[in-house]
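Numbering (the numbering used here), first residue to last: 599 to 1085.
A virtual CB, placed ideally from N, CA and C, is assigned to each residue, including glycine.
Here is the structure we will look at, set down as structure tokens.
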């Protein structure tokens, strides 16, 4: 570890900001710590309003040139970034696993390849983005997507690079410039992506990374008058603060926030499939915003479902995420572990029963937990835990299942397990959620809209919806009158 660089599992990572095509240090730093073993990974540049101002200025200066760059050239550079990601999948995977504790095998085989795919998808979508002209009383209407300007993207720690690329790729494809503020608990792969983007030929100032601690840099970025779009993934309270800052300059903001999603298991479901879906909710140590943490099971099959669930969950291996055999890694931070355990202990004190788990383990690991005997209005049912903690409630009728499913302030996702297609259509039509999965989970196509309802978010991204957000849509109406003959 040097003043401005650190090495993680043999991979060199620059710990400074990336602003205007160069590395920028800060007067202060903060320590990045691995959740795997508590080891210090590096001293990260601690951005303030000063670095935020410089980054926005760089993005503003670079914007006209990048906005004027032909679509084909922008797409070519995005593909080159994807090539760079693919060449460094192993480096990115081991650095991110060490930094956030998610499984190395998942990063290698799924997450990092998906990062590359995100850049390719939006590069290709850009080239086919068009709206058919239409006529109004003999006048032609032509819709175009104009780049909006500098965009501030603030991303979370649970899937740092993948979630960042969901935002970066369409923002850049649309012709905008970007200031990325990664989560302070997982800053490293954003720095590596800056190197990759530079090597791919992205012009200076088009992509910038400002590291930060707490709200120091983020507050300055979202309140800056030259920022034209804000996209944030994280907590509801932080989103409200950002929304207030954005309102001062009428800046459009997209929020993907918390969830308390249900998994509805009907008696006609394939029970082993339903159990598999339920156990899958422990993925990434429960640190998935889309996770169906509320299991709602028809009472006639609840006992058998629970028996099979317990047997399936008992086979999960919890431990070092770098081990191929591990199924569940650590939780991200001691503060998060305290939060998880606080939820569980309060629930137990209120009368809940732990069918499995209900306690911490050594290090930053929390035992996969299933709680029953929980009231619908209880904290554990209503609030997002963001850890390997599920609740199980029963229902008697389809109507009751839908009522329980919708009875939270969130509406990010829902999962339905049923063998009856007509029931699936009825139930999904009544669920309040941005995404509903039927007999499956976490199938995400970038063509589809993604976002949350209620307090789970504002706006939709994906496919053309992303360009609608990251652009100023323009309609040009042309009259056939008045043309001069230049022949």
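Bridge partners of residue i, per DSSP?
i            : result
residue 991  : 894
residue 1069 : 745
residue 916  : 926
residue 621  : 616
residue 641  : 629
residue 1048 : 1059
residue 610  : 605
residue 664  : DSSP, once it has assigned bridges, lists no residue as partnering residue 664.
residue 740  : 1074
residue 1035 : 1013
residue 679  : DSSP output for residue 679 lists no bridge partner at all.
Could you tell me the alpha carbon to alpha carbon distance between residue i and residue j, rounded to whole angstroms?
i            : j            : result
residue 914  : residue 663  : 52 Å
residue 1044 : residue 1061 : 6 Å
residue 697  : residue 1070 : 37 Å
residue 624  : residue 617  : 12 Å
residue 1018 : residue 864  : 9 Å
residue 720  : residue 832  : 23 Å
residue 599  : residue 756  : Its pLDDT being 46, under 50, residue 599 is placed unreliably by the model, and nothing is read from it.
residue 855  : residue 917  : 28 Å
residue 783  : residue 895  : 36 Å
residue 982  : residue 733  : 49 Å
residue 809  : residue 642  : 7 Å
residue 612  : residue 921  : 26 Å
residue 718  : residue 936  : 39 Å
residue 766  : residue 834  : 22 Å
residue 827  : residue 912  : 46 Å
residue 839  : residue 615  : 24 Å
residue 1009 : residue 679  : 34 Å
residue 815  : residue 958  : 33 Å
residue 893  : residue 900  : 10 Å
residue 802  : residue 954  : 52 Å
residue 1030 : residue 813  : 32 Å
residue 951  : residue 762  : 38 Å
residue 1067 : residue 906  : 44 Å
residue 1074 : residue 996  : 49 Å
residue 811  : residue 670  : 37 Å
residue 910  : residue 876  : 10 Å
residue 608  : residue 789  : 16 Å
residue 795  : residue 604  : 20 Å
residue 1021 : residue 1036 : 11 Å
residue 870  : residue 962  : 31 Å
residue 851  : residue 711  : 28 Å
residue 649  : residue 807  : 10 Å
residue 622  : residue 660  : 17 Å
residue 708  : residue 924  : 16 Å
residue 880  : residue 964  : 11 Å
residue 897  : residue 882  : 29 Å
residue 665  : residue 656  : 14 Å
CB-CB under 6 Å to residue i, same chain, minus the five flanking residues each way: which ones, in chain order?
i            : result
residue 1077 : 737
residue 787  : 690, 693, 694, 758, 759
residue 843  : 820, 821
residue 853  : 830, 837, 1055, 1056
residue 739  : 732, 1073, 1075
residue 644  : 624, 626, 627, 628, 811
residue 984  : 885
residue 1058 : 1047, 1049
Tell me which residues share the same chain as residue i and place their Cβ nearer than 8 Å to its Cβ, disregarding the 5 neighbours each side in the sequence.
i            : result
residue 919  : 634, 695, 699, 700, 701, 702, 927, 928
residue 878  : 1039, 1040
residue 673  : 721, 722, 724, 725, 771
residue 1065 : 723, 724, 727, 743, 768, 771, 772
Cβ atoms of residue j and residue i: under 8 Å apart, would you say?
i           : j            : result
residue 753 : residue 778  : yes
residue 987 : residue 1028 : no
residue 971 : residue 940  : no
residue 775 : residue 804  : yes
residue 861 : residue 989  : no
residue 874 : residue 1016 : no
residue 824 : residue 652  : no
residue 858 : residue 980  : yes
Just to confirm, does residue i get its C-beta within under 7 Å of one of the non-hydrogen atoms of the ligand MG?
i           : result
residue 605 : Summarising the ligand content, the structure contains no ligands, and the ligand MG is consequently not present.
For residue i, collect the residues of the same chain with a Cβ closer than 7 Å to its Cβ; drop the 5 residues on either side in sequence, then sort them by chain order.
i           : result
residue 684 : 714
Determine whether the Cβ of residue i lies closer than 8 Å to any Cβ atom of chain B.
i            : result
residue 1066 : The structure shown contains no chain B; it holds only a single protein chain.
Practice task
May I have a chain-ordered list of the beta strand (DSSP E) segments no shorter than 3 residues that lie completely inside the region 747-782?
Solution key: 748-752, 775-779
Handout entry: alpha helix (DSSP H) segments (min. 4 residues) lying fully within the region 682-720
Key = 687-698
Practice task
Taking only runs that begin and end inside the region 853-886, name each unbroken alpha helix (DSSP H) of 4 or more residues, in chain order.
Solution key: 869-877
Problem - Complete beta strand (DSSP E) runs within the region 777-848 (minimum length 3 residues, chain order) - result: 805-807, 827-831
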